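Quick note: the sequence shown uses our numbering, first residue 1, plus one each step.
In this text, a Cβ means the ideal position worked out from N, Cα and C, and glycines have one as well.
Just so we're clear, the structure is a prediction, and the values are computed from it rather than from any experiment.
Notes follow once the structure below has been shown.
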Amino acid sequence: MAASHSPAAGPLRPPFDRFGDATPASPVVLSVPHAGRDYPDALLAALRVPLVAATVLEDRYVDAVALLARERETMLVQRRARAWIDLNRSEQERDPAIDEGARAAAAPIASAKVRGGLGLIPRRIAGAGELWRRRFSASEVTARIAEDYRPYHAALADTLQAARARFGIAVLLDVHSMPNLGPGGPQIVLGDRFGRSADTRFVTVIERTVRAAAIPYARNTPYAGAHILDMHARGGVIHAIQIEFDRTLYLDPAGDLPGDGVRATARVLRAMIDAVEVEAMGARSLSHQIAAE
């Protein structure tokens with residue numbers, strides 16, 4: 001399995017790609033934080049397992065689905081690999097087993113994810129074991145946070161605020177992928193932090209599009225969303241929903257590259273985007289009507 005790698009990005013080049021305008025043309029904003037295939041040389045040198053083991057952490061080519069689905073929406077796609085730093089973890093979810101600065105971090109969080117080896121810097125993967133041949137210094141992890149983590153979150157926050165300023169409301173669709181959950185399991189999982197990160201009406205209209213596509217789905221089980229939803233949702237005005245697609249929907253049989261299902265999966269995501277925008281703009285019109293009265 002091939003994977004690209006390059007030196008760490010300089011300060012003039014953000015570690016993500018932006019599609020669309022900084023001032024969004026839609027209240028719907030798209031985020032793809034885990035599809036990065038950029039493996040810096042420092043990561044390759046520290047791996048104790050073959051690179052293919054680290055690529056298991058990727059939401060493999062779900063960015064291809066999102067790019068086909070996107071029209072005028074503003075979208076951020078992280079280039080850095082998740083093995084380098086996980087944007088869907090808090091800065092405090094630092095693992096002392098591999099991060100020498102973890103104990104000095106302000107209020108480090110010993111979350112279930114950290115204990116399982118999937119903290120801010122992933123430590124281990126089921127089936128492959130421990131990823132790294134050494135611990136990382138506090139300065140190394142601090143640099144990753146400053147150069148590869150905070151720029152994405154800052155750009156996403158700015159984009160959502162710009163959408164809210166223009167439309168009175170913003171809805172983040174955070175696009176991920178998941179392994180196949182077995183016979184009878186859902187192939188799409190919608191996460192809203194059990195109702196905390198988005199009004200139910202937005203998840204409901206997404207569910208309608210999934211039912212129309214005859215794809216089995218679930219809400220919040222086994223994936224309810226994580227730090228990105230917690231960080232960026234703002235009750236009533238900025239809503240955030242995580243969408244997980246079963247990789248067998250859009251990858252080839254080897255699970256390596258986009259396959260025959262990528263366009264059909266993109267059409268489902270497109271239907272979700274359209275449904276959410278209609279709902280958001282309807283809510284905006286209603287709020288304007290109430291204000292006028």
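Whose C-beta lies closer than 6 Å to the C-beta of E244 among residues of the same chain, with five residues either side of it excluded? H176, M178, V189, Y223
Can you list, in chain order, the residues of its chain with a C-beta nearer than 7 Å to that of V62? Leave out the 5 residues immediately preceding and following it. Excluding sequence neighbours, V62 sits near V32, A35, V175, H176, S177, F245.
D260 classed as buried or exposed, judged by whether at least 16 other C-beta atoms fall within 10 angstroms: exposed
Rounded C-alpha distance that separates A271 from G129: 39 Å
So, does the stretch 200-208 touch the stretch 118-129, judging by three or more C-beta pairs under 8 Å? no
Between which residues of its own chain and P14 is the CB-CB distance below 6 Å, once the five residues before and five after are set aside? P151
Going by alpha carbons, who is nearest to L76 out of I121, G20, R247? G20
Other residues of its chain near L68: CB distance less than 7 Å, five sequence neighbours each side excluded: For L68, the CB contacts under 7 Å within the same chain, skipping 5 residues up- and downstream, are V262, R263, A266 in chain order.
Please report how far the alpha carbon of V52 lies from the alpha carbon of R166, in whole angstroms. 43 Å
Could you tell me if N180 is buried or exposed, where buried requires 16 or more neighbouring beta carbons within 10 angstroms of its beta carbon? Exposed is the call here.
Neighbourhood of A233 by C-beta distance below 8 Å, restricted to the same chain and skipping five residues each side: The residues are L172, R193, R196, S197, A198, H239, A240.
With distances taken between CB atoms, is the gap from I169 to V141 smaller than 8 Å? no
Candidates A275, D252, A42: which alpha carbon is nearest A143's? With distances taken between Cα atoms, A143 lies closest to A42.
Residues of its chain near A218, where Cβ-Cβ distance is below 6 Å and the 5 sequence neighbours each way are ignored: P186, V189
With respect to the alpha helix (DSSP H) encompassing S139, which residues constitute its N-terminal and C-terminal limits? Per DSSP, S139 is one residue of the alpha helix (DSSP H) stretching across 138-144.
Determine whether the beta carbon atoms of T209 and V268 lie at a separation below 8 Å. Remark: C-beta atoms of T209 and V268 approach each other more closely than 8 Å.
To the nearest angstrom, how far is the alpha carbon of S90 from that of A213? 34 Å
Distance, Cα to Cα, Y250 vs A22? 29 Å
Identify, in the order they occur along the chain, each residue of the same chain with its Cβ nearer than 7 Å to the Cβ of R48, setting aside the five sequence neighbours on each side. Exclusion of the five residues before and after R48 leaves E130, L131, W132, R133 as the residues of its chain whose Cβ lies within less than 7 Å of its Cβ.
What's the gap between the Cα of R79 and the Cα of V278? 30 Å
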